[in-house]
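When the letters of the sequence shown are read in order and numbered with my numbering, they come out as residues 183 to 397.
Glycine included, C-beta positions come from ideal geometry on N, C-alpha and C.
Here is the structure we will look at.
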Amino acid sequence: MSRLNLRRPLRRPAPGFPCRVCRQECTLEQESIQCDGCECWLHQQCINMSTTQYVHISQPHLQFYCKQCVSMGERYNFLAALSRIAHCAPNVQSMRSQAESEFNLLRFYSVCLPDVQKVTDRQVSIHAPSTDMLHDFCPWMLEQFVPAQVVGDGNCLFRSISLSLYGTEDVHDHLRLLASIEVLLNPGVYDRTGDAYYQPYKEDDGVWVSDYDTL
Ligand SMILES: [Zn+2]
Ligand SMILES: [Zn+2]
Numbered sequence: 183m184s185r186l187n188l189r190r191p192l193r194r195p196a197p198g199f200p201c202r203v204c205r206q207e208c209t210l211e212q213e214s215i216q217c218d219g220c221e222c223w224l225h226q227q228c229i230n231m232s233t234t235q236y237v238h239i240s241q242p243h244l245q246f247y248c249k250q251c252v253s254m255g256e257r258y259n260f261l262a263a264l265s266r267i268a269h270c271a272p273n274v275q276s277m278r279s280q281a282e283s284e285f286n287l288l289r290f291y292s293v294c295l296p297d298v299q300k301v302t303d304r305q306v307s308i309h310a311p312s313t314d315m316l317h318d319f320c321p322w323m324l325e326q327f328v329p330a331q332v333v334g335d336g337n338c339l340f341r342s343i344s345l346s347l348y349g350t351e352d353v354h355d356h357l358r359l360l361a362s363i364e365v366l367l368n369p370g371v372y373d374r375t376g377d378a379y380y381q382p383y384k385e386d387d388g389v390w391v392s393d394y395d396t397l
């Protein structure tokens, strides 16, 4: 992603850099941003990007994608976002930068999770082998839970969460992307090979084991 008047040399003097939205020229005087996918240019104003967003997203380590490039039909393309992060592996710093870009894109395009709903038995396919197993070894669970079947395509964890929260597996890719961003952008919480992971424990002057005798 580049700001036309700052970072990318003008490679094509003619026919110019038409904005993908309004088709007018993106001149050097106008704040414009380039899509890292299709390389089209967009006026900041034509995509309703605030100056604060524009300055933030224009940072050199971040990427920006136009509406067409983040969509697949009417839907946000979460799998493409996950692929962009995966493409940076094994360079963790690069993966973190990409996760930051994806987080910015979700916010910029106002991509939100649906409202959580109460899921009923009728919205799930009961998994018969699990039911039989629980009936034999753990029957009390069947009084509270229904073993549900989800597609086994490597996304079963996120499909299960999606099903239990929304009554559909369809949100699994959105949940997976959010989980990836969360883990990458918060290494102090999730990366035990980093110094930040143990910092809270070092700062905790807590209670010594021997103190428990006097508590
Ligand atoms: Zn425009
Ligand atoms: Zn694009």
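Check                                                                                                       : Outcome
Assumed close pair residue 264, residue 362 - CB separation to whole angstroms, cut-off 8 Å                 : 6 Å
Cβ neighbours of residue 207 in the same chain (closer than 8 Å, five flanking residues each side left out) : 198, 199, 200 and 201
C-beta contact flag for residue 248 and residue 228 at 7 Å                                                  : no
Under 6 Å, CB to nearest heavy atom of ligand 2: contacting residues                                        : 217, 219, 220, 222, 247, 248, 250 and 251
Buried or exposed by the 16-neighbour rule on C-beta atoms within 10 Å, applied to residue 257              : exposed
Runs of alpha helix (DSSP H) wholly within the region 224-278 (minimum 4 residues, chain order)             : 233-239, 249-252 and 260-269
Proximal residues to residue 212 (C-beta, below 7 Å), its chain only, five neighbours per side dropped      : 225
Nearest-angstrom Cα separation, counted from residue 243 out to residue 359                                 : 20 Å
Whole-angstrom distance between residue 354 and residue 309, CA atom to CA atom                             : 19 Å
Proximity to residue 365 [Cα-Cα], best of 273, 278 and 245                                                  : 278
Simplified DSSP assignment, three categories, for residue 211                                               : coil
Residues sharing a beta bridge with residue 201, DSSP                                                       : 223
Of the residues 351, 302, 348 and 339, the one placed nearest residue 327, counting alpha carbons only      : 302
Bounding residues of the alpha helix (DSSP H) (the contiguous stretch that carries residue 311)             : 310-319
Through-space distance from residue 269 to residue 348, alpha-carbon basis                                  : 30 Å
Span separating the alpha-carbon of residue 276 from that of residue 374                                    : 19 Å
Inter-residue spacing [alpha-carbon to alpha-carbon] between residue 342 and residue 210                    : 50 Å
Sequence-distant residues of its chain with Cβ nearer than 7 Å to residue 261 (five each side left out)     : 355
Check whether residue 286 and residue 239 have beta carbons under 7 Å apart                                 : yes
Simplified DSSP assignment, three categories, for residue 331                                               : coil
Secondary structure of residue 206, DSSP reduced to three states                                            : coil
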